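Participant: According to the working numbering, the residues represented by the sequence shown are 1 to 342, in order.
I have a structure I would like to understand better, so I am pasting it below and will then ask my questions one at a time.
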Amino acid sequence: MSLTRRTFLKGSVLIPTALPLLGTAAAGATDNHDSAGNEGTLKDGKKHNPIHPDGNLSPISIFSKALHFLHFEEMAETVAGMGFDGIDLTVRPEGHVLPENVERDLPEAIRIFKKYNLQVYSIVTTIRDAEDPLTERILATAGKLGIGHYRMDWIRYNDLIPVEQDLANIEKSLIKLSALNAKYKIYGGYQNHSGRLGNQTVFGGPVWDLGMILKKINSPWLGCQYDIYHATAEAVTSWPSGFRFITPHIRSIALKDFKWNQADGRKKEPVPMGKGLIDFAAYFRMLKQAGVNVPISIHCEYGEHGQGRNFINDRQRSSICEKSDEQLITHTGRVLPGIINQ
């Protein structure tokens with residue numbers, strides 16, 4: 001099922017705080033770089049830059065978790081009809097591509113997506129250990145296909161040892177992973193995730209801890225996927241300080257919104273963008289001021305979506321595009337490519 005451009009325009013909801021195009025400066029560091037993220041060059045003299053290849057527009061993808069009920073062809077048709085640049089594809093257990101099948105299925109997905117003029121700028125993985133055999137298989141395949149970014153898995157703190165010791169262990173592990181990223185020329189992005197997963201606190205939730213480790217490692221190939229949803233949940237009014245600290249290391253951003261569940265006021269409830277607590281006006285201003293121009297992933301895991309292949313009926317399937325219309329807002333000032341000027 002796909003949307004016509006007429007239907008899309010009729011149904012789209014624009015948040016008034018959309019900002020103009022940010023320009024071409026990327027926030028990331030490079031080889032011959034410094035810890036402030038100033039741009040340098042690779043050994044071949046070429047600029048090393050994590051932004052869109054055309055140097056102007058941040059590509060906008062939809063996170064494929066909300067589309068797990070669709071196979072490659074149907075998903076591509078749907079996403080193309082919505083006007084996205086690409087698909088932020090899950091390459092993980094229970095994802096669109098299973099890690100053990102990556103050499104077979106990821107090239108096939110790319111082949112199908114290209115028929116609909118869609119790119120895979122990034123994949124979402126459970127990678128966190130360079131020594132896991134699946135890690136190198138995934139990165140080698142993605143790098144060969146020209147995929148520039150991947151999102152890592154979350155790292156849990158070990159509550160049985162001092163935080164300082166834990167951070168030192170995390171740094172050693174991430175140094176190895178950054179070397180593997182460099183080998184296959186793919187940017188690793190660690191998402192700041194709020195709170196706890198299971199019984200363990202998540203590294204990167206406060207943002208400061210992630211920023212300190214990334215600054216010490218100082219690799220262009222390892223950075224942050226900055227998530228304003230989780231940053232706000234973790235630090236409702238003080239998130240701007242964390243944002244400024246992590247800015248030199250931002251390699252991609254995730255856009256989504258939430259409210260506190262009314263039942264107990266303590267659990268996060270995902271909602272369409274603009275319907276929740278995120279201060280997008282302030283956030284987009286800061287993105288513009290910082291010159292952040294990196295790939296964008298729109299997340300739609302609210303309501304009945306993103307629950308898995310077998311949990312979505314035909315009525316719910318047809319509503320995913322309509323609900324996603326409310327998400328189509330970026331700091332570039334365009335709804336989606338090919339839509340704003342029609």
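Note that the Cβ used here is the ideal one computed from N, Cα and C, for glycine as well.
Quantities reported herein were computed from a predicted structural model and do not represent experimental measurements.
(1) In terms of DSSP beta bridges, what is Glu269 paired with?
(2) Suppose you measure from the CA of Met286 to the CA of Ala233; what does that come to, to the nearest Å?
(3) Is the region 275-282 close to the region 216-226, with three or more CB pairs under 8 Å?
(4) Excluding the 5 residues flanking Ile175 on each side, which residues of the same chain have their C-beta closer than 7 Å to its C-beta?
(5) Which partner residues of Ile359 appear in the DSSP bridge assignment?
(6) Measuring straight from C-alpha to C-alpha, what distance separates Ala182 and Ala263?
(7) Under 8 Å by Cβ, that's how I've got Ile147 and Val124 pegged, so tell me the actual separation to the nearest angstrom.
(8) Here's a check: name, in chain order, each residue in its chain whose Cβ is nearer than 7 Å to the Cβ of Trp208, leaving out the five neighbours to either side.
(9) Note down, in chain order, each residue of its chain lying with its Cβ closer than 7 Å to the Cβ of Asn101, except the 5 sequence neighbours on either side.
(10) Ala140 to Leu180, Cα distance in whole Å?
(11) Taking Cβ positions, are Lys357 and Gly143 nearer each other than 8 Å?
(12) For Arg137 versus Met152, is the C-beta spacing smaller than 8 Å?
(13) Excluding the five sequence neighbours on either side, which residues of its own chain have a C-beta within less than 7 Å of the C-beta of Pro16, listed in chain order?
(14) Compare the Cα-Cα distances from Pro270 to each of Val294, Tyr302, Gln289 and Ile298 and report the closest residue.
(15) Out of Gly205, Ser58, Tyr150 and Gln191, which one is the CA nearest neighbour of Lys157?
(16) Helix or strand or just coil, what does DSSP make of Ile147?
(17) For Pro59, count neighbouring C-beta atoms within 10 Å of its own C-beta (all shown protein chains included) and say buried if the count is 16 or more, exposed if not.
(18) Rounded to whole angstroms, how far is the Cβ of Arg251 from the Cβ of Gly189, which I believe are closer than 8 Å?
(19) Look up Thr90 in the DSSP assignment and say whether it is helix, strand or coil.
(20) Going by alpha carbons, who is nearest to Asp85 out of Met75, Val91 and Asn117?
(21) Cβ of Ile112 within 8 Å of Cβ of Phe63?
(22) Check for me: the alpha helix (DSSP H) holding Ile112 runs from which residue to which?
(23) According to the Cβ coordinates, are Gly300 and Ala80 closer than 8 Å?
(24) Mind checking whether Thr382 and Arg92 have CB atoms under 8 Å apart?
(25) Considering only C-alpha positions, which residue in the set Ser297, Arg196, Ser194 and Phe203 is nearest to Gln165?
(26) Can you give, in chain order, each stretch of the alpha helix (DSSP H) that sits fully within the region 151-200 and has at least 4 residues?
(27) Give me whichever residues DSSP pairs with Gln289 in a beta bridge.
(28) Can you give me the Cβ contacts of Leu89 inside the same chain, cut-off strictly under 6 Å, excluding the 5 residues immediately before and after it?
(29) Is Ile278 helix, strand or coil by DSSP?
(30) Which value, in whole angstroms, describes the spacing of the CA atoms of Arg5 and Ala130?
(31) Who are the near neighbours of Tyr187 in its chain, counting only those whose CB is closer than 7 Å to its CB and skipping five residues on each side?
Facilitator: In short, the structure shows the following:
(1) Lys259
(2) 18 Å
(3) no
(4) Excluding residues within five positions, the ones whose Cβ falls inside 7 Å are Ile217.
(5) With the chain covering 1 to 342 only, the question about residue 359 has no answer from this structure.
(6) 46 Å
(7) No, Ile147 and Val124 are not in contact; Cβ-Cβ is about 11 Å, not under 8 Å.
(8) Gly242 and Phe245
(9) none
(10) Answer to the nearest angstrom: the Cα atoms are 9 Å apart.
(11) Outside the modelled stretch of the chain, which goes from 1 to 342, sits residue 357, for which no answer is possible.
(12) No, these two residues do not count as a Cβ contact at 8 Å.
(13) Unreliable placement is indicated for Pro16, whose pLDDT of 25 sits below 50; the coordinate value is still reported in the next sentence. Closer than 7 Å at Cβ, skipping near neighbours: no residue.
(14) Tyr302
(15) As written in the sequence, residue 157 is Tyr, which differs from the Lys given in the question. Answer by Cα proximity: Gly205.
(16) coil
(17) buried
(18) Correct: roughly 5 Å between the Cβ atoms.
(19) strand
(20) Asn117
(21) no
(22) First-last of the alpha helix (DSSP H) with Ile112: Val102 to Lys115.
(23) Checking the sequence shown, residue 300 turns out to be Cys, not Gly. Taking 8 Å as the Cβ cut-off, Cys300 and Ala80 do not qualify as a contacting pair.
(24) Examination of residue 382 is not possible in this model, given that the chain is present from 1 through 342 alone.
(25) Phe203
(26) 163-184
(27) Answer by DSSP bridge pairing: none, since Gln289 is not bridged.
(28) Ser64, His96, Val120 and Ile123
(29) coil
(30) Interpretation of Arg5 is limited by its pLDDT of 30, a score under 50 that renders its predicted location unreliable; no figure is taken from the coordinates.
(31) Pro50, Gly148, His149, Asn181, Trp221, Gly223 and Arg251
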